[in-house]
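Have a look at the structure below, then the notes.
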Amino acid sequence: MLFTAVTFIAFTALVAVIAWWRTRDDDLSTQDGYFLAGRSLTGPVIAGSLMLTNLSTEQLIGQTGQSFSTNMGPIAWEVTSAAALVILALVFLPRYLKMGLTTVPEFLENRYDSTTKRIVSIMFLLGYLLTYLPTVLYSGALVFNQIFEVDKRMGVSQMQGVIITAVAIGIVGACYAIFGGLKAVAVSDTINGIGLIIGGFMIPIFGLLMLGNDHFLAGLRDLISVVPAEKFNAINPANAMAPMIPWPVLFTGMVVNNMFYWCTNQAIIQRALGAKNLCEAQRGAIFAGFLKCCGPFFITICGLICYRMSMDPAEGFFSAEHIANLAQNGDLAYPTLILNVLPKPLLGFFAAVLFGAILSSFNSALNSSVTLYTLDIHRPLFNPQATDAQLVRIGKIFGTVLAIVSICVAPVVSFAPSGLYDFLQSCFGFFNVPILAAVIVGLFTRNVPARAAKVSIVMHVVLYSISKFIPALQNVHYLYVLAVLFVLNVAVMLLIGKISPRATPYVMQDVGAVDLTPWKYRKIAAIGALCLMCCVYLLFLPGDEIEPPAPLTVFHSGAQAAT
Numbered sequence: 001m002l003f004t005a006v007t008f009i010a011f012t013a014l015v016a017v018i019a020w021w022r023t024r025d026d027d028l029s030t031q032d033g034y035f036l037a038g039r040s041l042t043g044p045v046i047a048g049s050l051m052l053t054n055l056s057t058e059q060l061i062g063q064t065g066q067s068f069s070t071n072m073g074p075i076a077w078e079v080t081s082a083a084a085l086v087i088l089a090l091v092f093l094p095r096y097l098k099m100g101l102t103t104v105p106e107f108l109e110n111r112y113d114s115t116t117k118r119i120v121s122i123m124f125l126l127g128y129l130l131t132y133l134p135t136v137l138y139s140g141a142l143v144f145n146q147i148f149e150v151d152k153r154m155g156v157s158q159m160q161g162v163i164i165t166a167v168a169i170g171i172v173g174a175c176y177a178i179f180g181g182l183k184a185v186a187v188s189d190t191i192n193g194i195g196l197i198i199g200g201f202m203i204p205i206f207g208l209l210m211l212g213n214d215h216f217l218a219g220l221r222d223l224i225s226v227v228p229a230e231k232f233n234a235i236n237p238a239n240a241m242a243p244m245i246p247w248p249v250l251f252t253g254m255v256v257n258n259m260f261y262w263c264t265n266q267a268i269i270q271r272a273l274g275a276k277n278l279c280e281a282q283r284g285a286i287f288a289g290f291l292k293c294c295g296p297f298f299i300t301i302c303g304l305i306c307y308r309m310s311m312d313p314a315e316g317f318f319s320a321e322h323i324a325n326l327a328q329n330g331d332l333a334y335p336t337l338i339l340n341v342l343p344k345p346l347l348g349f350f351a352a353v354l355f356g357a358i359l360s361s362f363n364s365a366l367n368s369s370v371t372l373y374t375l376d377i378h379r380p381l382f383n384p385q386a387t388d389a390q391l392v393r394i395g396k397i398f399g400t401v402l403a404i405v406s407i408c409v410a411p412v413v414s415f416a417p418s419g420l421y422d423f424l425q426s427c428f429g430f431f432n433v434p435i436l437a438a439v440i441v442g443l444f445t446r447n448v449p450a451r452a453a454k455v456s457i458v459m460h461v462v463l464y465s466i467s468k469f470i471p472a473l474q475n476v477h478y479l480y481v482l483a484v485l486f487v488l489n490v491a492v493m494l495l496i497g498k499i500s501p502r503a504t505p506y507v508m509q510d511v512g513a514v515d516l517t518p519w520k521y522r523k524i525a526a527i528g529a530l531c532l533m534c535c536v537y538l539l540f541l542p543g544d545e546i547e548p549p550a551p552l553t554v555f556h557s558g559a560q561a562a563t
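First residue of the sequence shown? That's 1 in my numbering, and the numbers climb one at a time after it.
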């Protein structure tokens, strides 16, 4: 354990030193310097930062837990993101960079009005504060409490150990985001990205080696032959419920969810908005699409490996205690796998990589929250004449407060009934659809007025909230609900625009922020990313006619417990 702790601290410190060295001469006293890295990010840095901002312990733990409890269906969260990233590169980024945007709400103010901008900024902030940041902290604390046995070493309960760990993660993440600005976040993301790819693939590789008695192919054959065939299926029935992914939502609600996340979510697109030009932004976005297609092979498959190792305690892969805990909480699948398959000398390195992934998601969302508050709320409402230095100072204060509140909320995520990842995506539903609808309608129409966006936002929040209490919808996957509400939102906005159009048609202005020459190979690369996405799904198609899945079980202590 001492060696693990030393290697963990050493690698984490190395990343921090490199990030400091790369940003030591940057001017963080200006708005662009602090919030957009001086508009200097290149394609590889953008791709790595996009990947790491998205990929954290909520994916590693949440999706592995989902596949452990269900099947390979959760690859949808990873693989279908490639299509959204292609759309980001080809459709959204040319327009965002043309307008020189710093935030999405900034566009909404330009297209609609300042009230719409502030409403959306507040929705983003509430979403980050009450769902995303706490989920990242809780999932990270869950895995680190397992690895370093914080609760046992401090003589406290598991929940108290998770809370202590969440506080530590929150403090370190806040220091990166608050005092380093976006470029420090992006540089550390790139370094940790390399480590995460290496470390992420180590887990299934060592897992298969353990199954095959140090023979990889033998372990793969064991996994395929022993685990029930339906576990490898990524196409679920249309009536499947969360956390399973029904196949029709891949073309409906999942599209809406991914479009919001990758094309309008401030914490994500802020990396691309910091690009030095359109070419680099498109390269980064499309390359990130290729990277997302790797997710099933080092995230989702881990759930099946963990399931295989927990099938029979007599085989000795997991202890009886671990198997009993897995039967009660599928979200423990990934940390359990790490502890049992990873060689002890590598545990510290991988813990540091995981820590980097946690920090990436946490500090990226925190940095974006600070950007939203200072530029879209504080300056226009409280100090219109604020200098850049004053805005940066206010941003640091607000980021500190936000980090403290997120740490306090994090333990609540443990009560999520269908797993932390499904909880996160379901909560996003309260604000993702109306924001996406407002951006799309704003970009591609000229006459829809500001009142249409406001009506759409209020209507969606009310209807989505009501849907949570309607008995008839309790057996309908929430992604179906979001798909219907998206169509309704767009239709209402277009109808209002037809009945009561803007006084003057909207005209998008080119502010000359960056060079808008597109990447020469964008279309070829985009087609390649989409083909790779389809190929991954072909690997996990069902061999027979799709049937509603039977309850999956894990054996422990001679008894049978449903997972």
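Here a beta-carbon is modelled for each residue, glycine too, at the ideal position from N, C-alpha and C.
The beta carbon of E280 sits closer than 6 Å to those of T42 and G43, all from its chain and outside the five residues before and after it, given in chain order. According to the DSSP secondary-structure assignment, P246 is paired through a beta bridge with N236.
Boundaries for P384: no alpha helix (DSSP H) harbours it, and the DSSP string shows neither H nor E there. Closest in alpha carbon position to A82, among P542, I338, I527 and L473, is I527.
CA-CA distance, F428 to T131, rounds to 8 Å. A direct Cα-Cα distance of roughly 15 Å separates Y537 from G289. For the pair L479 and V249, the CB atoms are nearer than the 7 Å cut-off. When C-alpha distances from N447 are compared across G399, P243 and T504, the shortest belongs to T504. For the pair S406 and S369, the Cα-to-Cα distance works out to about 12 Å. Distance check between P237 and each of S360, T165, R393 and N71 places N71 closest, using alpha-carbon atoms only. Beta-bridge partners of L41 (DSSP): A275.
Cβ neighbours of G295 within its own chain (closer than 6 Å, five residues either side excluded): E78. The beta carbons of V487 and A437 sit no closer together than 7 Å. Rounded to the nearest angstrom, the gap between the Cα atoms of P335 and M244 is 21 Å. Taking C-beta atoms under 8 Å as the contact rule, E109 and K117 qualify, at a distance of about 4 Å. Short of 7 Å from the beta carbon of W247, and not among the five residues preceding or following it, lie these beta carbons of its own chain, in chain order: I235, N236 and A238.
For P345, the uninterrupted alpha helix (DSSP H) segment begins and ends at K344 to L372. Ranked by Cα distance from V507, the first of N258, G170, L443 and T135 is L443.
In the DSSP annotation of this structure, the continuous segment of the alpha helix (DSSP H) that includes L125 starts and ends at S114 to G127. Counting only unbroken stretches of 4 or more residues, the alpha helix (DSSP H) elements lying wholly within the stretch 284-311 are 301-309, in sequence order. Comparing alpha-carbon positions, the option among P74, T102, G65 and A76 lying closest to V514 turns out to be T102. The stretch 161-170 makes contact with the stretch 133-147, as at least three CB pairs between them are under 8 Å. A Cβ-Cβ separation of about 7 Å places V492 in contact with M459 under the 8 Å criterion.
In this structure, DSSP gives D515 an extended state, which the three-state scheme calls strand.
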